[in-house]
Amino acid sequence: MPYVPQDVLDRIAALEREVRQLRGRAQMRPALNQVLNGDVVIGEGGQLIAKTPGGIRTFVVGQTPEGDWGVGLGREQGTAALTVGDDVLTNAQMIRTWSRSGEVIVMDDAWADGFLGRPSMPIPMQPTSGRETSNTDTTTAWTGATRLMNPVLYAAFETFTPTGTTADVSFDDGLGEIDSWVANTSNGWTYHEITKPVRQNFMDHCNYRLKHSVRTGTGSIRTNCLGVYTRNSFNASEAPQ
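Residue numbers (the working numbering): 35 to 275.
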């Protein structure tokens, strides 16, 4: 038998011990497709993706194709269900819930931090006995109230003025007048729209009043409320300051 130096024998024995330890640990530890303790970290790019057998993504977390960091949940048919971030139009990291047809049905606002974006919220308005008047004093024609959810107020009204009569019309949001105009269509309706950022904060209670009065002439005027609601901001200039 050839001579084998002792240090080589010691190294071989050490390797045998390590192999036995590795075999034992392989049997004791969980498989590589399980995490029983500790964190899994995805940093400096990359995503963790779950797919159906057909290749449809149902979960993804990490850096999105748009360059931000977000989370996505999808349906097995391939449509998005819920996303955080991953929006080419804004860096606001919006939370969005999607319908099966691909429409965003719930989201926070892209430009107004702290406000709901969708859905829009209707503001019910009720007529008063002053809806039709010949008074030259300011008269409340419509009233309504809401708790603010969205950042932009939209309202539409029409006022009838007979021949020879004009009317002053204004809309109040509880903090004061936000818009005023003159209805002067001869024997017809003057249409007016309002689109303005809200002046209160999210979840504040707001009272709204549409007021009108005869400006010139002696005829009887009448104002209809065609709709009042709040909605999401379409751009940064619409966000409340």
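Glycine residues also receive a C-beta, built at the ideal position from the N, C-alpha and C atoms.
Supposed close pair residue i, residue j - CB separation, criterion 8 Å
| i | j | result |
| --- | --- | --- |
| residue 195 | residue 217 | 5 Å |
| residue 207 | residue 259 | Incorrect: roughly 14 Å between the Cβ atoms, too far for contact. |
| residue 193 | residue 247 | No, residue 193 and residue 247 are not in contact; Cβ-Cβ is about 11 Å, not under 8 Å. |
| residue 257 | residue 175 | 5 Å |
| residue 76 | residue 82 | 6 Å |
| residue 80 | residue 97 | 6 Å |
C-beta contact flag for residue i and residue j at 8 Å
| i | j | result |
| --- | --- | --- |
| residue 159 | residue 151 | no |
| residue 120 | residue 267 | no |
| residue 202 | residue 165 | no |
| residue 263 | residue 179 | no |
| residue 231 | residue 273 | yes |
| residue 148 | residue 236 | yes |
| residue 177 | residue 167 | no |
Buried versus exposed, by CB contacts within 10 Å (16 or more), residue i
| i | result |
| --- | --- |
| residue 199 | buried |
| residue 125 | exposed |
| residue 186 | buried |
| residue 225 | exposed |
| residue 338 | Residue coverage of the chain in this structure runs from 35 to 275, which leaves residue 338 outside it and unanswerable. |
| residue 57 | exposed |
| residue 182 | buried |
| residue 128 | buried |
7 Å Cβ shell around residue i - same chain, five flanking residues per side excluded
| i | result |
| --- | --- |
| residue 265 | 154, 184, 186 and 188 |
| residue 229 | 186 and 188 |
| residue 78 | none |
Residues of its chain near residue i, where Cβ-Cβ distance is below 6 Å and the 5 sequence neighbours each way are ignored
| i | result |
| --- | --- |
| residue 133 | 139 |
| residue 105 | 95 and 118 |
| residue 145 | 267, 270 and 273 |
| residue 204 | 211, 214 and 245 |
| residue 103 | 97 |
| residue 223 | 192 and 194 |
| residue 261 | 190 |
| residue 227 | 190 |
Residues of its chain near residue i, where Cβ-Cβ distance is below 8 Å and the 5 sequence neighbours each way are ignored
| i | result |
| --- | --- |
| residue 92 | 84, 85, 86, 107, 108, 109 and 110 |
| residue 233 | 207, 209, 212 and 274 |
| residue 136 | 113 and 114 |
| residue 221 | 195, 196 and 197 |
| residue 131 | 115, 116, 138, 139, 140 and 141 |
What beta strand (DSSP E) runs, 3 residues minimum, are completely inside the segment 142–188?
150–152, 159–161 and 173–181
Ranges of the beta strand (DSSP E) found wholly within the segment 59–106, counting only runs of at least 3
81–85 and 91–97
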